[in-house]
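Colleague: Okay, handing you the structure first.
There are 2 protein chains.
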Amino acid sequence: MTETMQDRRARLMGPNVPTFYREPLHLVRGEGVWLWDKSGKRYLDCYNNVPHVGHCHPHVVQAICAQAGQLNTHTRYLHDTVLEYIDRLGATFGHGTTQAIMTCTGSEANDIALRMAQAVTGKTGIIATDNTYHGNTALVSQLSTRKPPIGGYAKNVKLVPAPDSRVPVGGTVEGQAAAFAANVARAVQELEADGFGLSGMLICPLFANEGLPDLAPGFLDPTVAVIRAAGGLMIADEVQPGFGRSGSHFWGHDRLGFAPDVVTMGKPMGNGHPVAAVFATPRVMGAFRDAFGYFNTFGGNPVSAAAAMAVLDVIEREGLQDNARTTGAYMVDRLRAVQHPWIAQVRGAGQFYGVEFVTESGAPATAFVADVIEGMVANGVILNNIGKHRNTLKMRPPMPFGREHADIVVDTLVQVLAQTPVRG
Amino acid sequence: MTETMQDRRARLMGPNVPTFYREPLHLVRGEGVWLWDKSGKRYLDCYNNVPHVGHCHPHVVQAICAQAGQLNTHTRYLHDTVLEYIDRLGATFGHGTTQAIMTCTGSEANDIALRMAQAVTGKTGIIATDNTYHGNTALVSQLSTRKPPIGGYAKNVKLVPAPDSRVPVGGTVEGQAAAFAANVARAVQELEADGFGLSGMLICPLFANEGLPDLAPGFLDPTVAVIRAAGGLMIADEVQPGFGRSGSHFWGHDRLGFAPDVVTMGKPMGNGHPVAAVFATPRVMGAFRDAFGYFNTFGGNPVSAAAAMAVLDVIEREGLQDNARTTGAYMVDRLRAVQHPWIAQVRGAGQFYGVEFVTESGAPATAFVADVIEGMVANGVILNNIGKHRNTLKMRPPMPFGREHADIVVDTLVQVLAQTPVRG
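Encoded structure:
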């Protein structure tokens, strides 16, 4: 009896550790926007944002190798690269978030960000949306858990209804912005009534997990006004929007048009090397450093800093933000030309695409989308779903994804849609 | 006006970000047990446990480079190395902790471990010692903070007095073990009276931050009995003791002689690459997977798994655990021969050494130890202090540290002690 890989996985990792797709992929090699499985089958990666500048980009690999062979310590000693990196990345912010704590994961960054808001305000209430994900620490996972944690849901966390994925359903853009802000104002009042007070609001400026709604710049302005009036901080989780993915802007909060007090980032920052960060204004950083001790052994070590620096090099040298803008526009045009009775909306923000499907009756076409995903993977294109009802195809490729790859994805989608029986 | 490196650091990282030593070191290169600063001065590293198998070990660097150039994704796809690693490391445990979640930091591992205890027991009370450190997430930092967090100290955390660094001061070993257990029993009663109940106890089996007390095997037995009787879990934080450092055993809990339900590890695991893990019994892992969703993007990725695997290779091939045992015994013998009126005790556990200093009146010689540390660094030996009163020299070198290095450290210490004026 040979143990299957999935049985071995269950034996070693425990029960209920999900993989993607009905038949999990066993990948062995990556290069640029391409992945290969053990049998040699090639896949176009239209999903992974961690390999931001392309799988195994030689410039990043070289930077990691060179530094790993030279020195890898921690920030209790002085080292140039971490300072050069913070200086360089800090210069991309337009709203004063120039000081940083380097961490290893976006979860650690958000865990700090929430405490920064507490340190500044002296209060503990947190607001997020009701269909989001900001990480996996005990604190941060309270913003996305669907199961009550042991001891019950945190009473200082209020989740407001996410913007509807298809704006402006049932009203104007202005109306939806006001409605969102009104829910936030109600949450602030509840936090104050419950004695927690407001520390801040944490949002992804693309509302990516919420379904990538096509929000106009200024959508968040009434909400920001509510948060500021209550003395709270705005925290932008740039794990998904950041580093030029949206094409039009390097950061998602600039795209949406608001000035955060704290910016967190993670996945794409080191192209897969575990590096993340939280940037804040000096006022916020000072309050945090005063209220909390914090040291991260691996955070900002010379190798992590070198990897992150190399990612910035490639984004600039290869014009990847501009590619996201132009390829993004091309891909959206091509997706909008795809004919299928259940396509409700095509949305895009640079190299981030959503194609939402609803049935004739207007119900989310969740099962159909699941079948389409399987069909795409079978035909060599990796992607997934987003949104509350999981009825939106999620495409978020490595940034070197170009027109020739867009053509492959759309042509494959047309073929798979034609072959997939409609079922709600 | 040229900005100094320390000014730049304050500008970019914010205020109060400590460095080691009165004049911070600006390190640029590492190899084995040696570090070099920007001026070319060489230091014997008698402090850093992260570069476990030696700074920039070529086998680990090569493993990272090879895998970074091949594929670096996440565990939503199948990959061999992470499974082989868990299988291999799991075989080193004698008490059934065979299933693992891979993370990036020991903090993340402990954050999960505490939730595992909650999942198994349905309760939230946690016990640790009053002079410990287990990490930096919002949850885990509640075990070591000296400042009340915003919102106040967590009421479900009880800190018991750490074992005195000089056992058995004022009594027998058995007496101190019983006294420690009695304090734990009182904490359990308080947690139950307060309605939290006991989920578990988290300890470092070397009590390293507590001062590396010279505890006999079995010291913890009465405490474990108290925890078990209350239905709680024992969590061993092996971030410092693990991977053979103690010489006599691969894991600190085996040295102390108890069977944990959960084992966490971090710093030395990837020789500086950010990789960490929590191992648990299938019963505990099943309860956690059932109660909490958890996914870690970077955790267990192919590069992290390759780095961790390479560290195990080197530990085995170079006999580093055995070297820790023999070099450890040699170094302790040499340290015990050092003459100084304020040396109160020399303690050792493999490649982990403590030399405690007290004044003639028996007071902790904290300022004197600080001066000795500066003298050692000036003479090219890096080390630091531990314990509640910071009056114990802490030496915890990379594992290839051998007799010739021990000779350098002790000879330098003799010289520095002779030159350092005594002051309490």
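So the protein sequences, as listed, match chains A and B.
Take the first sequence: its letter number 358 is residue 358 in this note's numbering, and every next letter is one higher.
When you read off a place in the second sequence, starting at 1, and then add 1000, the result is the number in this note's numbering.
Idealized CB from N, CA, C, for every residue including glycine.
How do the region 1076-1088 of chain B and the region 1338-1355 of chain B stand: do at least 3 beta-carbon pairs fall below 8 angstroms, yes or no?
Modeller: No: fewer than three Cβ pairs fall under 8 angstroms.
Colleague: Which residue from A/Met269, A/Gly252 and A/Val332 puts its Cα closest to that of A/Asp407?
Modeller: Selected option, being the one with the closest Cα: A/Val332.
Colleague: Threshold first: 4 residues or longer. Then list the alpha helix (DSSP H) segments lying entirely within the region 1342-1376 of chain B, N to C.
Modeller: Runs found: none.
Colleague: Identify the contact partners of B/Ala1100 in chain A, using a Cβ-Cβ distance below 9 angstroms as the criterion.
Modeller: Simply Leu12, Met13 and Gly14.
Colleague: Report the three-state DSSP secondary structure of A/Ala216 (helix, strand or coil).
Modeller: Note: A/Ala216 maps to coil in three-state DSSP.
Colleague: Drop a sphere of 10 angstroms on the beta-carbon of B/Tyr1153, count the other beta-carbons inside from all chains shown, and report buried for 16 or more, exposed for fewer.
Modeller: Flag for B/Tyr1153 reads exposed.
Colleague: Can you tell which of B/Phe1243, B/Pro1163 and B/Ala1229 has its C-alpha closest to the C-alpha of B/Leu1215?
Modeller: Nearest of B/Phe1243, B/Pro1163 and B/Ala1229 to B/Leu1215, Cα basis: B/Pro1163.
Colleague: Starting from the C-beta of A/His389, find all residues in its chain whose C-beta is less than 6 angstroms away, skip the five residues before and the five after it, and write them out in chain order.
Modeller: For A/His389, where only same-chain residues beyond five positions count, the Cβ hits under 6 angstroms are Pro364 and Thr366.
Colleague: Are the C-beta atoms of B/Ser1304 and some chain A residue less than 9 angstroms apart?
Modeller: So, interface residue.
Colleague: My output table needs one value for B/Gln1176: the three-state DSSP class, helix, strand or coil.
Modeller: DSSP places B/Gln1176 in helix when its eight states are reduced to three.
Colleague: Quick check: A/Val284 and A/Val120, are their CB atoms within less than 9 angstroms of each other?
Modeller: Contact flag set, yes.
Colleague: Run the CB neighbour count on A/Asn16, radius 10 Å, all protein chains shown included, and call it buried at 16 or more, exposed below.
Modeller: Exposed is the call here.
Colleague: Does A/Asp164 come out as helix, strand or coil in the three-state DSSP assignment?
Modeller: Of the three classes helix, strand and coil, the one that applies to A/Asp164 here is coil, per DSSP.
Colleague: From which residue to which residue does the beta strand (DSSP E) around A/Ile150 run?
Modeller: Run containing A/Ile150: none; DSSP gives neither H nor E here.
Colleague: Who are the neighbours of A/Glu108 on chain B, taking C-beta pairs under 9 angstroms?
Modeller: By Cβ distance, chain B contributes Cys1104, Thr1105, Ser1107, Glu1108, Asn1136 and Thr1137.
Colleague: Inspect the beta-carbon positions of A/Leu202 and A/Ile127 and report whether they are closer than 9 angstroms.
Modeller: Yes, they are a contact pair.
Colleague: Return the CA-CA distance between B/Phe1292 and A/Pro149, expressed in angstroms with no decimal places.
Modeller: If I take the Cα positions, the gap works out to 7 angstroms.
Colleague: Whose C-alpha, out of B/Asn1391, B/Asp1254 and B/Lys1147, is nearest the C-alpha of B/Glu1238?
Modeller: When each option's Cα is compared against that of B/Glu1238, the closest is B/Asp1254.
Colleague: At the 9 angstroms Cβ level, is A/Ile64 part of the contact set with chain B, yes or no?
Modeller: Yes - at least one Cβ of chain B is within 9 angstroms of the one on A/Ile64.
Colleague: Determine the burial state of B/Gln1321: buried for a count of at least 16 other Cβ atoms within 10 Å of its Cβ, exposed for fewer.
Modeller: Classification of B/Gln1321: buried, given that the 10 Å Cβ count is 16 or more.
Colleague: So A/Ala259 and A/Met269 are supposed to be a Cβ contact under 8 angstroms. How far apart are they, rounded?
Modeller: Between A/Met269 and A/Ala259 the Cβ distance is about 21 angstroms, and since that is not below 8 angstroms, they are no contact.
Colleague: For the 8 angstroms Cβ check, are there 3 or more pairs between the region 1375-1389 of chain B and the region 1240-1249 of chain B?
Modeller: Result no; under three Cβ-Cβ pairs closer than 8 angstroms.
Colleague: What do you get for A/Asp261, buried or exposed, if any count of 16 or more other CB atoms within 10 angstroms of its CB means buried?
Modeller: Buried is the call here.
Colleague: Name, please, each residue of chain A whose Cβ falls closer than 7 angstroms to the Cβ of B/Thr1002.
Modeller: The contacting residues do not exist; B/Thr1002 stays about 14 angstroms from chain A at best.
Colleague: For A/Phe451, does the three-state DSSP call read helix, strand or coil?
Modeller: Beyond the ends of chain A as shown, which are 1 and 424, falls residue 451 of chain A; an answer cannot be given.
Colleague: Go through its chain and collect everything with a Cβ distance to A/Val434's Cβ below 7 angstroms, but skip five positions before and after it.
Modeller: Here chain A has residues from 1 to 424 only, and residue 434 of chain A is not among them.
Colleague: Does the region 1289-1307 of chain B come into contact with the region 1062-1074 of chain B, if we say contact requires no fewer than three beta-carbon pairs (one atom in each stretch) closer than 8 angstroms?
Modeller: With the cut-off at 8 angstroms, the region 1289-1307 of chain B and the region 1062-1074 of chain B touch.
Colleague: Is the region 219-238 of chain A close to the region 189-204 of chain A, with three or more CB pairs under 8 angstroms?
Modeller: These segments touch.
Colleague: Spell out whether any CB of chain B is found under 9 angstroms from the CB atom of A/Pro198.
Modeller: What sits at residue 198 of chain A in the sequence shown is Leu, not Pro. Chain B contact via Cβ: absent.
Colleague: Cα-Cα, which of A/Met102, A/Gly40, A/Glu31 and A/Tyr330 is closest to A/Ala308?
Modeller: Of A/Met102, A/Gly40, A/Glu31 and A/Tyr330, the residue nearest in Cα terms is A/Met102.
Colleague: Candidates B/Ala1185, B/Gln1419, B/Leu1012 and B/Leu1212: which alpha carbon is nearest A/Asp80's?
Modeller: With distances taken between Cα atoms, A/Asp80 lies closest to B/Leu1012.
Colleague: For the region 1035-1058 of chain B, list every residue whose C-beta sits within 8 angstroms of some C-beta in chain A, in sequence order.
Modeller: Result list: Leu1035, Asn1048, Val1050, Pro1051, His1055, Cys1056 and Pro1058.
Colleague: Under the rule that 16 or more other beta-carbon atoms within 10 Å means buried, what is B/Arg1396, buried or exposed?
Modeller: Burial call: buried.
Colleague: Just to make sure I have the definition right: I need the residues of chain A whose C-beta is within less than 9 angstroms of the C-beta of B/Ala1259. Which are they?
Modeller: None at all; the shortest Cβ gap to chain A is about 19 angstroms.
Colleague: Please look up how many angstroms separate the CB atoms of A/Gly244 and A/Met399, rounded, as I've assumed it's under 8 angstroms.
Modeller: Sure, about 7 angstroms apart at Cβ, within 8 angstroms.
Colleague: Just the C-alpha distance for A/Gly14 and A/Glu3, rounded to the nearest angstrom, thanks.
Modeller: For A/Gly14 and A/Glu3, the distance between alpha carbons rounds to 15 angstroms.
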